[in-house]
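Engineer:
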Amino acid sequence: MSTTDLPAASAGADTTAPVPAGLSSASALDAARAAGRSALVGYLPAGFPDRAGCVDALRASVAAGLDVIELGLPYSDPVMDGPVIQAAAETALRGGTRIRHVLESVEQLASAPDGERAPVLVMSYWAPVLRYGVAAFARDLASAGGAGLITPDLVPDEAGDWIAASDEHGLERVFLVAPSSTPARLASTAAACRGWTYAASTMGVTGARTSVGSAAEGLVAAARGAGAERVCVGLGVSTGEQAAEVGAYADGVIVGSALVRALSDDGVAGLERVVRDLAAGVAGARG
233 MSTTDLPAAS AGADTTAPVP AGLSSASALD AARAAGRSAL VGYLPAGFPD RAGCVDALRA
293 SVAAGLDVIE LGLPYSDPVM DGPVIQAAAE TALRGGTRIR HVLESVEQLA SAPDGERAPV
353 LVMSYWAPVL RYGVAAFARD LASAGGAGLI TPDLVPDEAG DWIAASDEHG LERVFLVAPS
413 STPARLASTA AACRGWTYAA STMGVTGART SVGSAAEGLV AAARGAGAER VCVGLGVSTG
473 EQAAEVGAYA DGVIVGSALV RALSDDGVAG LERVVRDLAA GVAGARG
């Protein structure tokens, strides 16, 4: 069996190569900053509610105000995903989503018409990438038009192969920091990131919350102080009000569970309403 047929379940600082023009999420964040606002980053698992439906939903979300797409690679053993995203990933896996389908979705999103196209970052646990082959994954992700990869369970100390492969193919790499990160960890992570740094607002899993973790703003400041050029905040944002709160100090506001729930409950129309509310929040965050 080809590695591309593997079930998805089983399976800061710029460096050398340039990121392809027009495909980088860093450029989208910079454009939002130039416009006086934070960027809106939205997550859906590939293959949810089905493969074509996921692509259509994300294109509609971009048209409604999403600046950067975070496409999840469905995985059976998540450590960061809460129940809403876990259920969506299970739906995608039961529907037969494989790594090659995730890459096909990246290609479809990267080639969408103007107004429905945004930089696409894949978010994946490390095991599927390792099984696929680090160099092969970087090659195929770049070939599909992807901007880069977010790796929630890979620390820079152990990411030598990925750092080399992402440099070779001009891909962004996004590592995570958390309220528990030490100053040394913040500095090493910021130095290893290419594009931006993902700040987890709280210790725990994804999911809508009544309030965003109070440690998030301090974490963003600490990450910047440690060298991070751009910092986006995820975990817990579900409303326009919360997006405005985070958008006041972060370069990007990451939303996942709220989008998955809206698509699940009310289809694309419901998803578009939530994205417009979130986009209005980040637009008004800085007065």
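If you count the sequence shown from 1, you need to add 232 to reach our numbering.
We treat Cβ as the ideally placed atom computed from N, Cα and C, and that holds for glycine.
All values reported here derive from a predicted model rather than from experimental measurement.
#1: Figure out for me which residue from 379, 508 and 297 has the closest Cα to the Cα of residue 402.
#2: With a Cβ-Cβ cutoff of 8 Å, do residue 421 and residue 388 count as a contact?
#3: At which residue ranges does the stretch 249 to 301 contain complete beta strand (DSSP E) runs of 3 or more residues, listed in the order of the chain?
#4: List the DSSP bridge partners of residue 488.
#5: Contact check, residue 433 vs residue 448 under 8 Å by CB: the rounded distance?
#6: In chain order, what residues of the same chain have a beta carbon less than 8 Å from the beta carbon of residue 318, not counting five sequence neighbours either side?
#7: Please indicate yes or no: does the CB of residue 307 lie closer than 7 Å to some heavy atom of the ligand ATP?
#8: Could you tell me the boundaries of the beta strand (DSSP E) in which residue 432 lies?
#9: How many angstroms separate the CA atom of residue 265 from the CA atom of residue 271?
#10: Given residue 306, which residues of its chain have a CB within under 7 Å of its CB, disregarding the five upstream and five downstream residues?
#11: Helix or strand or just coil, what does DSSP make of residue 328?
#12: How about residue 334 and residue 341: do their beta carbons lie closer than 8 Å?
Structural biologist: Looking at the coordinates:
#1: Your numbering for residue 402 matches position 170 in the sequence shown. Closest option to residue 402, Cα to Cα, is 379.
#2: By 1-based counting over the sequence shown, the position of residue 421 is 189. By 1-based counting over the sequence shown, the position of residue 388 is 156. Yes.
#3: 271 to 277
#4: On the sequence shown, position 256 is the one that residue 488 refers to. Paired residues: none, contrary to the question.
#5: Locating residue 433 in the sequence shown gives position 201, counting from the first residue. Locating residue 448 in the sequence shown gives position 216, counting from the first residue. Right, the Cβ-Cβ distance comes to about 4 Å (below 8 Å), so this counts as a contact.
#6: The residue labelled residue 318 in the question sits at position 86 within the sequence shown. Answer for residue 318: 310, listed in chain order.
#7: Among the components modelled here there is no ligand, and therefore nothing to report on the ligand ATP.
#8: Position 200 of the sequence shown, counted from the start, is the residue given in the question as residue 432. Start and end: 429 to 432.
#9: Residue 265 sits at position 33 when you count from the first residue of the sequence shown. Residue 271 sits at position 39 when you count from the first residue of the sequence shown. Distance between the alpha carbons of residue 265 and residue 271 is about 8 Å.
#10: By one-based count along the sequence shown, residue 306 stands at place 74. Hits under 7 Å: 240, 241, 277, 278, 279, 321, 324, 325 and 329.
#11: To locate residue 328, count along the sequence shown from 1; it is residue 96. Three-state DSSP puts residue 328 in coil, outside helix and strand.
#12: For the purposes of this step, residue 334 is identified with residue 102 of the sequence shown, where counting begins at 1. For the purposes of this step, residue 341 is identified with residue 109 of the sequence shown, where counting begins at 1. Contact flag unset, no.
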